[in-house]
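Working notes, beginning with the structure itself.
There are 2 protein chains.
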Amino acid sequence: MKVIVIGGIAGGASFATRFRRLNEQNEILILERGEHISIASCALPYYLGGVITDRNALIERTPAILKQNNNIDVRVRHEVTAIDPARHRLSVKNLDSGEQYEETYDKLVLSTGARPVLPPISGIETATNAFTLRSLTDGDRIKNYIQTEAPQQVTILGAGAAGVELAENFRQLGLSVTLVDQADKVMQPYDIELADFLEKELEKNGVDVKLGVTIQLVADSGRELHLSDGSVLNTDMLVVVTGVTPNSEIAKNAGLQLWADGHIIVNNQFATSAPDIYAIGDVIETTSRITGLPIPSLLSSAANRQGHLLADILNGEPLHYPGFVGVSAVKVFNLTASMVGYSEQTLQAAGITNYASVFITPFDHAYFYPNAKRLNIKLIYEPDTGKILGGQFVGENGVDKRSGELSAAIAGGLTIDELPGIELPYSPPYSAPRDPLNMAGYVGINQRQQANQTVKYDDLTETERCDGTFLDIRETGKTASGTIDSDLAIPLTELRDRLTEIPTGHTVYILYRKGLGPYNASRILAGNGYDVKIVTE
Amino acid sequence: MKVIVIGGIAGGASFATRFRRLNEQNEILILERGEHISIASCALPYYLGGVITDRNALIERTPAILKQNNNIDVRVRHEVTAIDPARHRLSVKNLDSGEQYEETYDKLVLSTGARPVLPPISGIETATNAFTLRSLTDGDRIKNYIQTEAPQQVTILGAGAAGVELAENFRQLGLSVTLVDQADKVMQPYDIELADFLEKELEKNGVDVKLGVTIQLVADSGRELHLSDGSVLNTDMLVVVTGVTPNSEIAKNAGLQLWADGHIIVNNQFATSAPDIYAIGDVIETTSRITGLPIPSLLSSAANRQGHLLADILNGEPLHYPGFVGVSAVKVFNLTASMVGYSEQTLQAAGITNYASVFITPFDHAYFYPNAKRLNIKLIYEPDTGKILGGQFVGENGVDKRSGELSAAIAGGLTIDELPGIELPYSPPYSAPRDPLNMAGYVGINQRQQANQTVKYDDLTETERCDGTFLDIRETGKTASGTIDSDLAIPLTELRDRLTEIPTGHTVYILYRKGLGPYNASRILAGNGYDVKIVTE
């Protein structure tokens, strides 16, 4: 059997090496139009920042190694210009020699990935100091520009993971960094409570963060950026990391079915609509393991996993892809942000409104052991079933640990009710007897049991607002963070002793900010005969 | 309803506070014979080492706080001397005043814990410099002795978690430390491959580790320790942390059913054999969530979880304890050791022989990002089903992350085949596109698929040994670590090109050390028509 793989960066190389291990006889050919295969793309920001100094380290496998170790033919700078699914033939162009030729295949694997999108800004195409960052070749260009032109001021357009990582690494080089995004927060899929911490961390480390603005015009060969707020930014360099689009043109031209956004449609064994053609990685849309909805899986870790699995499937194993969760981590100076599954933002974008959330800020390890820091955890779940929809984690330490644990819990189908039952490694340097993830579960359980006792302020009638007692139970000296005015303030620790101060006969509304306090207060009041509800904004 | 809790350290305090939150009306009384409740016992070594300086931080809750915040009565220095299950009555003694009185209960919760066992060594009872370490009072005594007597040389008997933590902390104080254990390795439940790293780390940091010896005689008021190997140790201080025994005497005297080792027998709702009497924590034996066998749950995290769950159960929730996994972490100077479930040692002790293991040593995060270190992972599973039986992890970074993830996977009932499918947070500072835990799963899957191709050297006949070709596939320059002699050495990377060197007609035995190499070599040879087996020692 002859198998051709188009694209050798992440999923393609994983597929090919696994497929070779499963079978010595098959002929395997990788066609890659770029200069390299098997690149650690996620490492590029750190290479630019000088954190990773060895360029060779970014190249996980060379064509020579794949030939030597795996008996796989690799042709870089060879572009597939057309696929003929009926005849099982490809048209290939050698980009260096210009030579064109045909190849036949028994099975074809599309791992063509995605490419950066340049936003339609007047002047950006002709700017001599503007770059995108996707391939090692892109990275080489930026590194070379920095070394030869010695820019002092760099502007990054796009405050997603790549933009934020670049900001940190350019600061590492001593550059002045401006980070621009049209959204009103950094790290787009994160909800505002978490993104706020990241924005502050960027600013604390000298990054000028400009949100809610776009670049409308690039002038002076890229040295002048005219923003939508009327201001003008002078910059020595512009890096655009605003998003990617799937490299699915050859698939489309060959008649394969695509989603409206250009991703290739595959089934749960990565088969496309054409016989003997499979696709993996950034170019496909798969289904969410959590909601079952279509979702792109734009992570190199997902591409690797899919490539490995497809090799088993093409080798005859009756396996299928369980779907994509989406688990990521980003270092933002001294903070780590990590996300699993959905945020409120992505749920809303998917049209899902039936969810509730837990937000807690426990210490990452025992508070009495040195260097304990607050860990911000937001967990989102389905209130009627307790199904976990996603988690967001921001803090200095132990962040990726909790997101990894949550992802394992989701893979096992655990509900939020089952989180407290997960035994997690405890010793004072590492955690508390009840790990933060256990605590998030306990709070979720309490919320679910109290679900009919929680109301949104906006859902209260005018009468309810007038008659009810709005109770603030924070300890004295805590600063206010909510916007609902309270009628009465009694610290939780004094509540039992001061019950007589609370009017009877009407509902007591406990103002919810975060944590277990409102829940504990509601238990005390309900246990003493009050009609009590927790009110959220 | 009146509920009495005997013992307020870990599970008892957790039970009481949760039970109060569930119901305001019940009367809750904690009787604790020691001086404190709610102590962070696991922090004691760090308090002694000066890492934790605030003694108050070790006391998570005082009786006054429990009264104030939770309306719970706590009486410390009150010992329960007898239980009368039929009459629902307790005999209580005030240890300070000597007063004796009776209490009645509707429900009784035994959270009496365990106490250190002093081994029967002649002279140890009268040594003035010998200590155990369990309670805060014990910790105070040791701290006081160090401050007033300024010992230079300390001997620790027992190289389990507490002994190892104490060794690190006493070194932190600049003391000379000798660690003695009768076993032939440190950190008893860990298998030797992992324990070896820990022993070396202790020695590297100046701890004199003496294994396979016992103390036979304590002389000169504790200043002279006569060891079983004939040597004599001079010491200024001796701390014995060799093990604990359950405080189940009052339960036994009241007629409750105990296991042979003295732990109280409970069902999966913590009910003992006596009506309205429940027990949690170190004093009970529960069942393993992995094997279903009886197992003590000697971790404060387990006691806390059990206390919380029992409160829900006594409040009428139809819940049950899913069983104990056993997840722990220990800091050993610059290393972390963490364990989940069973080791080979504990499996063998439980009479279980149907298991296989994976041992891999990947980097904890992307090898090209600074400070990547080897993480040692041993995973044990059931070969026929792929069920995960346990994991052991030793390394500098990311150790507790992987054990936590594995524990979550076990809680969700995932098999080793499903480990690669868990999406784990990747970015170069945190992991690789295939996380070490994913890799362990891949290796396990390969092993299972190859199960009939793996043989133990001892199981080979003399003829098989003579006829077969024993092939060493390590790269040139790697030092030997096994004891089976090879007939032929061909590095894996040269294997395809040098196939003609390998005799045909008889089985090729690939020597197994670790990792994926032998598997890959077997795939190449099998794919080229060889009868091939991987041979283990």
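Residue numbers (our numbering), protein chains in the order written: chain A, 31 to 567; chain B, 31 to 567.
Cβ atoms here follow ideal geometry from the backbone N, Cα and C, with glycine treated the same way.
Here the structure is a predicted model, which means the values were calculated and not measured.
*asked:* Which of the three DSSP states is assigned to B:S121 in this structure?
replied: As a working mapping, residue 121 of chain B is identified with position 91 in the second sequence. Residue state, collapsed to three classes: strand.
*Taking a Cβ distance cut-off of 7 Å, strictly less, list which residues of the stretch 535-558 of chain A are near chain B, in chain order.*
Listed in sequence order: N550, R553, I554, G557 and N558.
*Look up A:M267 in the DSSP assignment and give the residues it is bridged to.*
As a working mapping, residue 267 of chain A is identified with position 237 in the first sequence. DSSP lists A:V184 as partners of A:M267.
*Endpoints, the alpha helix (DSSP H) within which A:V16 is located*: This structure cannot settle anything about residue 16 of chain A, because the visible part of chain A is limited to 31 through 567.
*Which parts of the stretch 508-564 of chain B are runs of the beta strand (DSSP E), unbroken and 3 residues or longer, counting only runs that do not cross its ends?*
538-541
*Does B:Y220 get closer than 8 Å to chain A when you measure Cβ to Cβ?*
In the second sequence, counting from the first residue as 1, residue 220 of chain B sits at position 190. Closer than 8 Å: no.
*Is the beta carbon of B:A144 sitting closer than 8 Å to the one on B:P276?*
Translated into positions along the second sequence, residue 144 of chain B becomes position 114. Translated into positions along the second sequence, residue 276 of chain B becomes position 246. Against a cut-off of 8 Å, the Cβ pair of B:P276 and B:A144 comes out as a contact.
*Below 8 Å CB to CB, which residues in the same chain sit around A:Y456 once its five sequence neighbours on both sides are set aside?*
Start at 1 with the first residue of the first sequence, and residue 456 of chain A comes out as number 426. Excluding positions up to five away in sequence, the list reads A462, P463 and D465.
*asked:* By alpha-carbon positions, which one of A:A191, A:P305 and A:P75 ends up nearest to A:K137?
replied: Reading the first sequence from its first residue, position 107 is the one you call residue 137 of chain A. Selected option, being the one with the closest Cα: A:P305.
*When you compare only the Cα positions, how much space is there between B:E254 and B:T185?*
For the purposes of this step, residue 254 of chain B is identified with residue 224 of the second sequence, where counting begins at 1. For the purposes of this step, residue 185 of chain B is identified with residue 155 of the second sequence, where counting begins at 1. Between B:E254 and B:T185, the C-alpha separation is close to 10 Å.
*Nearest to A:M469 by alpha carbon, out of A:P459, A:N174, A:V485 and A:I452?*
In the first sequence, residue 469 of chain A corresponds to position 439, counting from 1. Taking only the C-alpha atoms, the option nearest A:M469 is A:I452.
*Report the three-state DSSP secondary structure of A:F161 (helix, strand or coil).*
Walking along the first sequence from the start, residue 161 of chain A turns up at place 131. The DSSP-derived three-state label of A:F161 is strand.
*Among all the DSSP beta bridges, which residues are the ones paired with B:K417?*
Translated into positions along the second sequence, residue 417 of chain B becomes position 387. B:K417 is bridged to B:T445.
_My parser needs the beta strand (DSSP E) runs of 3 or more residues fully inside the stretch 459-495 of chain B; what are they?_
Counting whole runs of 3 or more residues, the stretch 459-495 of chain B contains the beta strand (DSSP E) stretches 484-486.
_Just verifying my parser: in three-state terms, what is the DSSP assignment at B:T566?_
Translated into positions along the second sequence, residue 566 of chain B becomes position 536. DSSP places B:T566 within a strand segment (E or B) once states are collapsed to three.
*asked:* Helix, strand or coil for B:G498? Go by DSSP, reduced to three states.
replied: By one-based count along the second sequence, residue 498 of chain B stands at place 468. Coil.
*Return the residue from the list B:L525, B:I343, B:R50 and B:T523 that minimises the CA-CA distance to A:R553.*
As a working note, residue 553 of chain A is residue 523 in the first sequence. Checking every option, the nearest Cα to that of A:R553 belongs to B:R50.
*asked:* Residues in the same chain with beta-carbon distance under 7 Å from B:T158, minus the five sequence neighbours each way, listed in chain order, please.
replied: As a working mapping, residue 158 of chain B is identified with position 128 in the second sequence. Closer than 7 Å at Cβ, skipping near neighbours: S251 and G252.
_Between the alpha carbons of A:R319 and A:N384, how many angstroms are there, rounded?_
For the purposes of this step, residue 319 of chain A is identified with residue 289 of the first sequence, where counting begins at 1. For the purposes of this step, residue 384 of chain A is identified with residue 354 of the first sequence, where counting begins at 1. Using only the alpha carbons, I get a separation of about 17 Å.
*Please confirm if B:D430 has its CB atom under 8 Å from at least one CB of chain A.*
Taking the second sequence and counting its residues from 1, one reaches residue 430 of chain B at position 400. Cβ-Cβ to chain A under 8 Å: yes for B:D430.
*Pick helix, strand or coil for B:G169, following the three-state DSSP scheme.*
Your numbering for residue 169 of chain B matches position 139 in the second sequence. Three-state result, B:G169: helix.
*Starting from B:V216, trace the beta strand (DSSP E) both ways and give me its first and last residue.*
Numbered from its first residue, the second sequence carries residue 216 of chain B at position 186. First-last for B:V216: undefined, no H or E at that position.
*Neighbouring residues, chain A, relative to B:G442 (Cβ below 9 Å)*: Here the question's residue 442 of chain B lines up with position 412 in the second sequence. Simply A438, A439, I440, A441, G442, G443, L444, E448 and I452.
*Would you list the residues sitting across from B:E254 in a DSSP beta bridge?*
What you label residue 254 of chain B is simply residue 224 of the second sequence in a count that begins at 1. In the DSSP output, where bridge partners are listed per residue, B:E254 has B:A249 and B:N264.
*Please look up how many angstroms separate the CB atoms of A:S107 and A:D126, rounded, as I've assumed it's under 8 Å.*
Your numbering for residue 107 of chain A matches position 77 in the first sequence. Your numbering for residue 126 of chain A matches position 96 in the first sequence. Note that residue 107 of chain A corresponds to Arg in the displayed sequence, not to Ser. That pair is a contact at about 5 Å.
*Using only alpha-carbon positions, find the residue among A:Y411, A:G169, A:D103 and A:R335 that is nearest to A:L196.*
Taking the first residue of the first sequence as position 1, residue 196 of chain A is located at position 166. Sorting A:Y411, A:G169, A:D103 and A:R335 by C-alpha distance to the C-alpha of A:L196 places A:G169 at the top.
*Output, in chain order, the set of chain B residues within a Cβ distance shorter than 7 Å of A:P400.*
The count along the first sequence starts at 1 and reaches residue 400 of chain A at position 370. What A:P400 touches in chain B: V81.
_On the DSSP bridge list, what partners appear for A:M371?_
The residue you call residue 371 of chain A lines up with position 341 of the first sequence. For clarity, residue 371 of chain A is Gly in the given sequence; the question names Met instead. DSSP output for A:G371 lists A:G420 as bridge partner(s).
*By the 10 Å Cβ neighbour count, where 16 or more other Cβ atoms means buried, how is B:G371 classified, buried or exposed?*
As a working note, residue 371 of chain B is residue 341 in the second sequence. With 16 or more Cβ atoms within 10 Å of its Cβ, B:G371 is classed as buried.
*asked:* Pop quiz: B:G153 and B:V248 are said to be a contact at Cβ under 8 Å. What is the actual Cβ separation, rounded to whole angstroms?
replied: Translated into the one-based positions of the second sequence, residue 153 of chain B becomes position 123. Translated into the one-based positions of the second sequence, residue 248 of chain B becomes position 218. So it is a contact: roughly 4 Å between Cβ atoms.
*Give the residues of chain B in contact with A:S433, contact being defined as C-beta atoms less than 7 Å apart.*
Within the first sequence, residue 433 of chain A is the residue found at index 403, counting from 1. Correct list: P455.
_Would A:I67 and A:R91 qualify as a contact pair, given that the criterion is a beta-carbon distance under 8 Å?_
Locating residue 67 of chain A in the first sequence gives position 37, where the first residue counts as 1. Locating residue 91 of chain A in the first sequence gives position 61, where the first residue counts as 1. It is a contact, given that the beta carbons lie within the stated cut-off.
_Inter-residue Cα distance where the pair is A:I82 and A:C72_ = Indexing the first sequence from 1 puts residue 82 of chain A at position 52. Indexing the first sequence from 1 puts residue 72 of chain A at position 42. About 12 Å.
*Smallest Cα separation from A:R528: which of B:G547, B:I410, B:R164 and B:N99?*
Translated into positions along the first sequence, residue 528 of chain A becomes position 498. Checked all of B:G547, B:I410, B:R164 and B:N99; the closest Cα to A:R528 is B:N99.
*Along the stretch 511-531 of chain B, what residues have a CB closer than 9 Å to any CB found in chain A?*
Answer in chain order: L522, T523, E524, R526 and D527.
_Restricting to Cα atoms, I'd like to know which of A:L490, A:A192 and A:L203 is closest to A:Q183._
Taking the first sequence and counting its residues from 1, one reaches residue 183 of chain A at position 153. That would be A:L203, whose Cα lies nearest to the Cα of A:Q183.
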